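These notes are about the structure you will find just below.
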Amino acid sequence: MSLNFQHLGINVIVSVVITILTVGVQPASAQSNRGYDEVNLTQGKELYAQHCAVCHGKNGESTVKDWHQRDTNGRFPPPPLNGTAHTWHHSFGALMHTIQNGTQENGGGMPAWKETLSNEEIFSIIMWITSLWPDEIFAAWMQRN
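Numbering of the sequence shown is given in our numbering, commencing with residue 6 and proceeding in unit increments.
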């Protein structure tokens, strides 16, 4: 897995991570205390609604009752992204890679978004998704990164 950090906006990512680590983990209701940039959050929420919500749910809650059960094609449906599934088990880099390249090459159903979304837009989507997570999930994810 290789990420093109030049296009990823490494300065933005480093700034956000440093801010988050400096400020610490605060209640999810106080997202600004997590070091989030409101512009990124707003953009991420809008892009998520446009490209992701149809499969993962408006607020990351999933669109199916039991995402653990395979569908008729033998695939697992899109999981929730709100901290109730496994998304937080993946590093930032793994989330970028999955959104960029999709999961179809591995037998999944998620399309690749690298031709549609810029790395900066994907970054914003990830920031919005992580804003949905409870404090303990966010803290565990930050430790993995």
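Just so it is clear, CB atoms sit at the ideal spot from N, CA and C, and this is done for glycine as well.
None of the values given here were measured: they were computed from a predicted structure.
Sequence-distant residues of the same chain with beta carbon closer than 6 Å to residue i, five excluded per side
| i | result |
| --- | --- |
| P85 | G65, E66 and S67 |
| I104 | W118 and I127 |
| I23 | Annotation note: pLDDT 46 at I23 (below 50); position unreliable, no value reported. |
Cβ shell of residue i (< 7 Å), same chain only, five flanking positions each side left out
| i | result |
| --- | --- |
| G88 | L137, W138, P139 and I142 |
| W93 | W138, I142, A145 and W146 |
| P82 | V69, W72 and D76 |
| Y41 | M132 and S136 |
Inter-residue spacing [alpha-carbon to alpha-carbon] between residue i and residue j
| i | j | result |
| --- | --- | --- |
| V59 | R149 | 28 Å |
| R80 | G107 | 14 Å |
| A99 | C57 | 17 Å |
| W146 | F97 | 9 Å |
| A90 | W133 | 16 Å |
| G113 | T121 | 19 Å |
| T135 | R39 | 10 Å |
| N45 | N111 | 30 Å |
| N78 | H61 | 18 Å |
Where the alpha helix (DSSP H) through residue i begins and ends
| i | result |
| --- | --- |
| G98 | F97 to N106 |
| N45 | E43 to H56 |
| M147 | D140 to R149 |
| S129 | N124 to S136 |
Close-in-space but distant-in-sequence residues of the same chain around residue i (CB under 8 Å, 5 per side omitted)
| i | result |
| --- | --- |
| P116 | G107 and Q109 |
| K63 | A54 |
Check whether the stretch 41-49 and the stretch 61-77 touch, using three or more Cβ-Cβ pairs below 8 Å as the test. no
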